[in-house]
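Below is one structure, written out as C-alpha cells; comments come after it.
Protein chains: 2
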Amino acid sequence: MKKYHVAVVGVGVVGIEILKCLKSRSFPIANLRVFARSARAIEVEGIEYEVEAIGDERFDGVEIALFAGTEGEKGASKLYAHKFIEKGAIVVDNGADFRLEHDVPLVVPEANRDAVKNHKGLIANPNCTTIQAIVALCGIHREFGLERILLTSFQATSGAGKKAAMKLWEEARTLVNINRNKEFDEIHKDVDSEFDVFSHQIAFNVIPQIGGFAEDGYTSEEWKVVNETHKILNDDSIRISSTCVRVPVFTAHSEAIYFETKKDADHAQIEKVLKDSEGVKYFADSSFPLPLEVEGTDLTYVARLRRDPFNKNCFWIWVVADNLRKGAALNAVQIAEELTK
Amino acid sequence: MKKYHVAVVGVGVVGIEILKCLKSRSFPIANLRVFARSARAIEVEGIEYEVEAIGDERFDGVEIALFAGTEGEKGASKLYAHKFIEKGAIVVDNGADFRLEHDVPLVVPEANRDAVKNHKGLIANPNCTTIQAIVALCGIHREFGLERILLTSFQATSGAGKKAAMKLWEEARTLVNINRNKEFDEIHKDVDSEFDVFSHQIAFNVIPQIGGFAEDGYTSEEWKVVNETHKILNDDSIRISSTCVRVPVFTAHSEAIYFETKKDADHAQIEKVLKDSEGVKYFADSSFPLPLEVEGTDLTYVARLRRDPFNKNCFWIWVVADNLRKGAALNAVQIAEELTK
Numbered sequence: 035m036k037k038y039h040v041a042v043v044g045v046g047v048v049g050i051e052i053l054k055c056l057k058s059r060s061f062p063i064a065n066l067r068v069f070a071r072s073a074r075a076i077e078v079e080g081i082e083y084e085v086e087a088i089g090d091e092r093f094d095g096v097e098i099a100l101f102a103g104t105e106g107e108k109g110a111s112k113l114y115a116h117k118f119i120e121k122g123a124i125v126v127d128n129g130a131d132f133r134l135e136h137d138v139p140l141v142v143p144e145a146n147r148d149a150v151k152n153h154k155g156l157i158a159n160p161n162c163t164t165i166q167a168i169v170a171l172c173g174i175h176r177e178f179g180l181e182r183i184l185l186t187s188f189q190a191t192s193g194a195g196k197k198a199a200m201k202l203w204e205e206a207r208t209l210v211n212i213n214r215n216k217e218f219d220e221i222h223k224d225v226d227s228e229f230d231v232f233s234h235q236i237a238f239n240v241i242p243q244i245g246g247f248a249e250d251g252y253t254s255e256e257w258k259v260v261n262e263t264h265k266i267l268n269d270d271s272i273r274i275s276s277t278c279v280r281v282p283v284f285t286a287h288s289e290a291i292y293f294e295t296k297k298d299a300d301h302a303q304i305e306k307v308l309k310d311s312e313g314v315k316y317f318a319d320s321s322f323p324l325p326l327e328v329e330g331t332d333l334t335y336v337a338r339l340r341r342d343p344f345n346k347n348c349f350w351i352w353v354v355a356d357n358l359r360k361g362a363a364l365n366a367v368q369i370a371e372e373l374t375k
Numbered sequence: 035m036k037k038y039h040v041a042v043v044g045v046g047v048v049g050i051e052i053l054k055c056l057k058s059r060s061f062p063i064a065n066l067r068v069f070a071r072s073a074r075a076i077e078v079e080g081i082e083y084e085v086e087a088i089g090d091e092r093f094d095g096v097e098i099a100l101f102a103g104t105e106g107e108k109g110a111s112k113l114y115a116h117k118f119i120e121k122g123a124i125v126v127d128n129g130a131d132f133r134l135e136h137d138v139p140l141v142v143p144e145a146n147r148d149a150v151k152n153h154k155g156l157i158a159n160p161n162c163t164t165i166q167a168i169v170a171l172c173g174i175h176r177e178f179g180l181e182r183i184l185l186t187s188f189q190a191t192s193g194a195g196k197k198a199a200m201k202l203w204e205e206a207r208t209l210v211n212i213n214r215n216k217e218f219d220e221i222h223k224d225v226d227s228e229f230d231v232f233s234h235q236i237a238f239n240v241i242p243q244i245g246g247f248a249e250d251g252y253t254s255e256e257w258k259v260v261n262e263t264h265k266i267l268n269d270d271s272i273r274i275s276s277t278c279v280r281v282p283v284f285t286a287h288s289e290a291i292y293f294e295t296k297k298d299a300d301h302a303q304i305e306k307v308l309k310d311s312e313g314v315k316y317f318a319d320s321s322f323p324l325p326l327e328v329e330g331t332d333l334t335y336v337a338r339l340r341r342d343p344f345n346k347n348c349f350w351i352w353v354v355a356d357n358l359r360k361g362a363a364l365n366a367v368q369i370a371e372e373l374t375k
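Going line by line, the protein sequences match chains A and W.
Heads up: the first sequence begins at 35 in the numbering used here, then just goes up one per residue.
Heads up: the second sequence begins at 35 in the numbering used here, then just goes up one per residue.
Spelled out as C-alpha cells, the structure:
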C-alpha cells in the first residue's frame, strides 16, 4: 500500500484535530510535516510534533497538504496553497477562500466523493454548519429530491477557534468568582471579557450573528449554508435559507432542519433513508443526541424526525455533529483518503 | 377610579414577577392577598408580603385572582380556580390546564384583547413561547394573513421554574470549581447535578426537548405553540409547527421564526408593520437584541427581518422577550388591566 508525504498547515483547534484524525484513522503516512506561522514543538495525545515555520517555504516532496484554516483565521491558504500545488502537492483547504471557485471541488464524501477526481490541485472542505446538514440530507435528496430547506443552527464557540471557546470558559469562570458568596437571586450575569471574539458576552447568552452582515440582512455564515449546499448537491434549485446562532456550548453544532421533498415521501420512507445513510447515526422515537455527548465523535447524529402535520412532504429533523471533527478535520482527512484510493 | 381586591396565587418565579408587575404598572389595588401552598412572609423589591396558605380557602372578597402556575408546576388552578370563581373572582391562569377549553378565552392583549369580554370567570394566559411569537406576528397576520409559520426556539431555563435556572448556575459553578487549576484543554465538561429538572446537563449544552413527547414525535411545548396560536389568532388554517429547545440562558427566550404571508408582502411592508406593532421594539439592519439584555424588560424585541431569497412572501425574524414577564407575569397583569377597563 502506497504511503504519502503529508503536511498539516495550522495548529489551531482544527489543525490539532487533523493530527488526531490522521492518527486514529491510520492514514497511510510516509512522512508527516506540520507547518504554522512560527516554529515550535507541540504535543498532541502524547505525541510530539515538530512545527516548521511556513514562511521558510520548504514544501518539496509534500504530496497531500491539509490546510486547517478555521473560519476565523483566513490567509494561510491564500498565501501558500498555490506554492504547495506548484511543488506537486494536492491541497485540501478547510478555509472559506476557495470553496465557491468554479474549478475547486467542494466535497462531503458521503454526498459527492466523486467530485474529488475533478481537482486541479485544490479541494475545498465545506463550512462546518453545511457539512452536517449535507450528511443528514444527501440521502433524502438522492431518493426524493429536496424542494426546500430551512435551517436554524445552535453553533458551538469552538467553531470560531480556540480563543472563542476560551472566552466562554473565562466568562463563566469570572461570573462564578464574582458571585461567590451571593444568593442565586442576586447573581450578577454580565461580565467584561478580554477576548476579542464575538461582539457580545456568550456565557448564558445566545448571539444571532455568525460572520459579517450582507446588505440583504443575512450573515456570511447563512449564505455559506446556501451556496455550499447548492454546490455540493450540484442543484441550485433547492430553495434553502437559514438563521445561524452562536450558543454557549464548547464543541458540537446542533441544527433544527425543516425540509420539503420533491417526490412524495412519508415518515417511514424518510426514516429508512436516514437509518441507511452513510455517516449517520439515527435516533428513533424520543431519544436524541446532545452536543456534550457528541464532542470528540465522528458521526452525524440525526433525531426527532417529525412530519409537518399541515404540509405534505415536509419534515423536521434535529442534527448534531462535532464541528471540529466531521465539521472540519475529519471531513478533510476523509477527502485525503479519497485521494489515496 | 375603582380599585380592586386582587389575589396572587403562587410565589415561584412567575408569582414574584406578577407582584413586581402589579407594583410597577400601578395596578389599581384596594387590597392584595398572596397565596401559596404554605403560609410565610416573603420580600420582593423591598416590600414584605404576607403569604397565606391556600388550603385555608378563605377566598371571600377577591375580585381578580392571578394564578402564577408555571409550566412545570401544575395543580393549583385545577384545585382552586373554581373555588375563587364561585366566590365571585375572575381568575387569570398562567398554567396550561384550561388554555384550550372552549369557554376559556386565551389572550395576548396585543392580538385579541376583546376576547377577554367572553370570559365565564376564567381567562387563560398562553405559553411563554407562544406569547412572544404572537406579539411579533399578529400585526402581520392582520395585514397580510399568515399562511405558514415555522418556529425554532432557544428557551431559557427559568421557563421551567427557579429550580431549573438554579440547576444551570450550580452546574456552571461546579464545573468552574472542579476545573480550578486545570488548563483549558483539560477541563472536564460533564457534571452530576442534584436538581431533578431536565433530563440532562444544561450548562454548556442544549436539550431539544421541552415537555413530554406525543406519539407523533412532537413535544407538548411544540404542540402548545400550534394550538395556542390557532386559538389566539382565531384561525386554524395557519400551517404552523416548531422545534423547541432549551439553552443555557437564565431568562429570556429567543426564537428564529420563518413565516409566509397569504397576501403579497415585501420587506418594506413587513418592516413597517413591525415598527408600528403594539408591544414590539423593532431592530433595523444589523442590530439585534440579546437575551441577557432583555431580561427584566417588558417588550417583545424583533430583529433580523430577511426576505427568503427563493420563496415569495416568505421571511425570517429573530424574536426575543423576557419569558417571565411578557411570556408570563406581565401578560397576565395586562389581561387583568383589560378587566378593569
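Quick reminder that beta carbons are idealized off the backbone N, C-alpha and C, glycines included.
- By the beta-carbon neighbour count (other beta carbons within 10 angstroms, threshold 16), L113(W) is exposed.
- Taking 8 Å as the cut-off, the Cβ atoms of V367(A) and C172(A) do not count as close.
- Contact of N345(A) with chain W by beta-carbon distance below 9 Å involves R182, R273, S275.
- Three or more Cβ pairs closer than 8 Å define a contact, and the segment 277-292 of chain W meets that threshold against the segment 346-359 of chain W.
- If you look at L56(W), you'll find it in the alpha helix (DSSP H) that goes 47-58.
- Looking at the DSSP output, V353(A) shares a beta bridge with E289(A), V336(A).
- For N65(W), the beta-bridge partners assigned by DSSP are H39(W).
- Going by DSSP, E256(A) is part of the alpha helix (DSSP H) stretching over 254-266.
- Along the segment 98-135 of chain W, the beta strand (DSSP E) occurs as fully enclosed runs of 3 or more residues at 98-101, 124-127, listed in sequence order.
- Bounds of any beta strand (DSSP E) do not take in R71(W), whose DSSP letter is neither H nor E.
- Between A110(A) and V40(A), the gap from beta carbon to beta carbon reaches 8 Å or more.
- Residue burial is scored here from C-beta neighbours: M35(A) has fewer than 16 other C-beta atoms within 10 angstroms and is therefore classed as exposed.
- Residues of the segment 240-251 of chain W with a Cβ closer than 7 Å to any Cβ of chain A, in chain order: V240, I241, P242, Q243, F247, D250, G251.
- In the three-state reduction of the DSSP assignment, R207(A) falls in the helix class.
- Judged by their CB atoms, R280(W) and F232(W) are nearer to each other than the 8 Å cut-off.
- Within chain W, the C-beta atoms nearer than 7 Å to that of D224(A) come from L326, in chain order.
- For the 8 Å CB-CB criterion, V141(W) and L358(W) do not form a contact.
- Linking R340(W) to Y252(A) through their CA atoms gives a straight-line distance of about 7 Å.
- In this structure, the straight-line span from the alpha carbon of N213(A) to that of V78(A) is close to 35 Å.
- Using beta-carbon distances, F229(W) does not count as an interface residue toward chain A, since no partner is under 8 Å.
- Proximity of chain A to Y292(W) at the Cβ level (cut-off 9 Å) is accounted for by L184, T186, S275, T277, Y292, in chain order.
- Residues of the same chain with a CB within less than 8 Å of the CB of F132(W), apart from the 5 flanking positions on each side, are S111, A115, V138, L156, A158 in chain order.
- Here N146(A) has I266 as same chain residues with Cβ atoms under 6 Å from its own Cβ, once five neighbours each way along the sequence are excluded.
- Per DSSP, the unbroken beta strand (DSSP E) holding A87(A) starts and ends at 81-87.
- Just measuring C-alpha positions, the residue of A199(W), D270(W), I221(W), E220(W) sitting nearest D230(W) is A199(W).
- Counting the other CB atoms within 10 Å of its CB gives K201(W) a total of 16 or more, which places it among the buried residues.
- Any Cβ of chain A closer than 8 Å to the Cβ of Q235(W) would place that residue at the interface, and such an atom is present.
- Here N239(A) is near L324(W), since their CB atoms are less than 8 Å apart.
- In the DSSP assignment, F178(W) falls within the alpha helix (DSSP H) that extends over 162-178.
- In the three-state reduction of the DSSP assignment, S233(A) falls in the coil class.
- Interface annotation, R280(W): not in contact with chain A, CB-CB separation never under 8 Å.
- Under the Cβ distance rule, F284(W) counts among the residues neighbouring chain A, one pair being separated by less than 8 Å.
- Secondary-structure assignment with DSSP links I244(W) through no beta bridge to anything.
- For V307(W), the enclosing alpha helix (DSSP H) stretches over residues 301-310.
- Taking a beta-carbon distance threshold of 8 Å, S288(A) counts as an interface residue toward chain W.
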